[in-house]
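Trainee: Before anything else, here's the structure in question.
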Amino acid sequence: MAREKPEAAAEAEATPELSYREQLDFLNPIAQPLASRKLTRKLLKCIRKGLAAGGAGRGRDVAAAPCGPSRRGSLAATKHKQVRRGVKEVQKFINKGEKGIAVLAGDTLPIDVYCHIPIMCEDRSLPYAYVPSKTDLGAAAGSKRPTCVILIKPHEEYQETYDECLEEVSALPLPL
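Under full-length UniProt numbering, think of the first position of the sequence shown as 1, with each following residue one higher.
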């Protein structure tokens, strides 16, 4: 079993990553408005900066455990999270009225998993955009797992990048 892991890792590394054009072949029918290649890069960069500003993702920062090893995560990192990840978490905070940019993966199937998120965003006038790959979205969020929805909150540490993304995402045409 120990021999299989290095071989699987070698196969994963040998698999070439898909280009933006190739990723467009795997989009689902509701992936509108779709971010351009340039905007996709900006959004993923903004997500990475949001993780750096707000702490480690879902409170998995073990270095600053305040109450011993049984408690995982730093209190400060979990209190001031700048990136919300996953359908359940994003949905909860959109309902609470949190502001930000919703970034959805365009290659998620079945569509029923997250097809209600754009409607919620439109009702609360939150800007949203689709990017072609859930794998890239998960990697930008600091996870090995693919992620289909991310909410980026504004923060002073990356405000300039956030404002650029907000302007471009707001300019995208909404689907009919």
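Glycine residues also receive a C-beta, built at the ideal position from the N, C-alpha and C atoms.
#1: According to the neighbour-count rule (16 or more other Cβ atoms, all chains shown, within 10 Å of its Cβ), is C115 buried or exposed?
#2: With G97 and K153 assumed to form a contact (beta carbons below 8 Å), what rounded beta-carbon distance in angstroms separates them?
#3: Is it buried or exposed, V169, if we count other Cβ atoms within 10 angstroms and call 16 or more buried?
#4: So, at 6 Å on beta carbons, what are the nonlocal neighbours of L39 in its own chain, with the 5 sequence-adjacent residues on each side left out?
#5: At what residues does the beta strand (DSSP E) containing Y130 begin and finish?
#6: Could you give the distance in angstroms between the alpha-carbon of K81 and the alpha-carbon of L109?
#7: Just to confirm before moving on: does the CB-CB distance between T135 and K49 stay below 8 Å?
#8: Taking the straight line between their C-alpha atoms, what separation do you get for A35 and Y130?
#9: Would P33 pass as a contact of P173 if the rule is Cβ separation under 8 Å?
#10: Check the C-beta distance from L126 over to I150 and give it rounded, since I have them as a contact under 8 Å.
#11: Measuring CA to CA, which of E164, V87, L176, E157 is closest to A52?
#12: Which residues in the same chain as L27 place their Cβ atom closer than 8 Å to its Cβ, once the five residues preceding and following it in sequence are excluded?
#13: Does the separation of the CB atoms of K42 and C165 fall below 8 Å?
#14: Pick helix, strand or coil for L51, following the three-state DSSP scheme.
#15: Can you name, in chain order, every residue of its own chain whose Cβ lies under 7 Å from the Cβ of G57, other than the five neighbours on each side?
#16: Which class does R85 belong to by DSSP, given the choice of helix, strand or coil?
#17: How should L104 be labelled, buried or exposed, when 16 other C-beta atoms within 10 angstroms of its C-beta is the threshold for buried?
#18: Taking only three categories from DSSP, how would you classify L18?
Mentor: This is what the structure holds:
#1: By one-based count along the sequence shown, residue 115 stands at place 115. Per the 10 Å Cβ criterion, exposed.
#2: By 1-based counting over the sequence shown, the position of residue 97 is 97. By 1-based counting over the sequence shown, the position of residue 153 is 153. Rounded, the Cβ-Cβ distance is 12 Å, inconsistent with contact.
#3: Residue numbering aside, residue 169 sits at position 169 when the sequence shown is read from its first letter. Answer is buried; the Cβ neighbour count reaches 16.
#4: On the sequence shown, position 39 is the one that residue 39 refers to. Cβ neighbours of L39 beyond the five flanking positions: E168.
#5: Here residue 130 corresponds to residue number 130 of the sequence shown, with the count starting at 1. It spans 128 to 131 - the beta strand (DSSP E) in which Y130 sits, taken as one unbroken run.
#6: For the purposes of this step, residue 81 is taken as residue 81 along the sequence shown, with counting starting at 1. For the purposes of this step, residue 109 is taken as residue 109 along the sequence shown, with counting starting at 1. Spanning the two alpha carbons is a distance of roughly 27 Å.
#7: Within the sequence shown, residue 135 is the residue found at index 135, counting from 1. Within the sequence shown, residue 49 is the residue found at index 49, counting from 1. Not in contact: T135 and K49 (Cβ atoms no closer than 8 Å).
#8: On the sequence shown, position 35 is the one that residue 35 refers to. On the sequence shown, position 130 is the one that residue 130 refers to. Roughly 6 Å separates the two Cα atoms.
#9: As a first step, residue 33 is located in the sequence shown; it is residue number 33 there, counting from the start. As a first step, residue 173 is located in the sequence shown; it is residue number 173 there, counting from the start. In this structure, P173 lies closer than 8 Å to P33 by Cβ.
#10: Along the sequence shown, one-based indexing puts residue 126 at 126. Along the sequence shown, one-based indexing puts residue 150 at 150. Actually they are not in contact, since the Cβ atoms of L126 and I150 sit about 13 Å apart, beyond 8 Å.
#11: As a working note, residue 52 is residue 52 in the sequence shown. Among E164, V87, L176, E157, the Cα nearest to that of A52 belongs to E157.
#12: As a working mapping, residue 27 is identified with position 27 in the sequence shown. Within the same chain, L27 has close Cβ partners L34, G106, D107, Y130, P132.
#13: For the purposes of this step, residue 42 is taken as residue 42 along the sequence shown, with counting starting at 1. For the purposes of this step, residue 165 is taken as residue 165 along the sequence shown, with counting starting at 1. Yes, these two residues count as a Cβ contact at 8 Å.
#14: For this step, residue 51 is matched to residue 51 along the sequence shown. The answer is helix: DSSP assigns L51 an H, G or I state.
#15: For the purposes of this step, residue 57 is taken as the residue at position 57 of the sequence shown. Its pLDDT being 46, under 50, G57 is placed unreliably in this model, and the coordinates cannot settle the point.
#16: Looking up residue 85 in the sequence shown gives position 85. Correct three-state label for R85: strand.
#17: Residue 104 sits at position 104 when you count from the first residue of the sequence shown. When all chains shown are included, L104 counts as buried.
#18: Start at 1 with the first residue of the sequence shown, and residue 18 comes out as number 18. DSSP places L18 in coil when its eight states are reduced to three.
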